[in-house]
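Working notes, beginning with the structure itself.
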Amino acid sequence: MSRLHPPDDDDDANAFRQALHKAGVRRLYTNRADPGRSRRQDPSAAQRRAAAVAVDNGEQASRTSDGRVTPVRPSEFLDFALPDLPYRTYSQLKRGQIAWEAGLDLHGYSLDEARQELESFLKEAAGNRWRCVLVVHGKAWGSSADYPVIKSHVNTWLREWPAVLAFCSSRDSDGGTGAVYVLLRRKGRAD
1 MSRLHPPDDD
11 DDANAFRQAL
21 HKAGVRRLYT
31 NRADPGRSRR
41 QDPSAAQRRA
51 AAVAVDNGEQ
61 ASRTSDGRVT
71 PVRPSEFLDF
81 ALPDLPYRTY
91 SQLKRGQIAW
101 EAGLDLHGYS
111 LDEARQELES
121 FLKEAAGNRW
131 RCVLVVHGKA
141 WGSSADYPVI
151 KSHVNTWLRE
161 WPAVLAFCSS
171 RDSDGGTGAV
181 YVLLRRKGRA
191 D
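With UniProt numbering applied, the sequence shown covers 1 to 191.
Here you go:
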């Protein structure tokens, strides 16, 4: 017994084609995939290109956004890791077994000052090829917010920073849930 379907009747095939045509189905004349986007550039593409050129020229003021921030509780354990980071490395970071080489304390800064300090610190860390740093964000509540503002923003900003491989709340001796260990990508390493 054959597993192939019997040939269609010409009448059935014609009726099927007519039904498809009435439904508005068009015949494909190429076998290329259509990603569903138009080929013309949208207005935001020019803006993205200008922003990329500004980054190359050092004109961009900030790499982190003011966008939507997820509030976190003061005692909440922060953790983040890129999916391809080895489990062993992340476990060592969480246990505090990777020594941090420099630290930044954001206590007493306004939100804008904290962002500027964090960005300059991360740029300095990249320049010095540090592997792990400590960022103390504290657990203080914002003046008009119902959550720790700096902690919540640091949680968001570090996720956006391209050189950050992982971060997690530190051990109690280094600040507990008021600080994070940040594991950084070392660019241009020879080893």
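Ideal Cβ placement from N, Cα and C applies to all residues, glycine included. Everything numeric in this text was worked out from a predicted model, so none of it was measured.
C-alpha of A166 to C-alpha of Y147: approximately 23 Å in a straight line.
Look at L78 here: in three-state DSSP terms it is coil, with no helix or strand label. Taking 8 Å as the cut-off, the Cβ atoms of E113 and V133 do not count as close.
DSSP places A102 within a strand segment (E or B) once states are collapsed to three.
If you draw a straight line from the Cα of L93 to the Cα of V25, it is about 56 Å long. By the Cβ neighbour-count rule, T70 is exposed, with fewer than 16 other Cβ atoms within 10 Å of its own. Under DSSP, Y181 forms a beta bridge with L134, C168. Going by C-alpha positions, L111 is about 31 Å away from S91.
Counting other Cβ atoms within 10 Å of its Cβ, L106 reaches 16 or more and is therefore classed as buried. In this structure, V136 sits away from G96, with a CB-CB distance that is not shorter than 8 Å. The continuous alpha helix (DSSP H) containing G127 extends over residues 111–128. Membership of V154 in the alpha helix (DSSP H) is indicated by the continuous run 149–160.
The DSSP-derived three-state label of H107 is coil. Annotation for A19: the continuous alpha helix (DSSP H) segment containing it runs 10–23.
Scanning W157, K187, D172, Q116 for the CA closest to the CA of A126 turns up K187.
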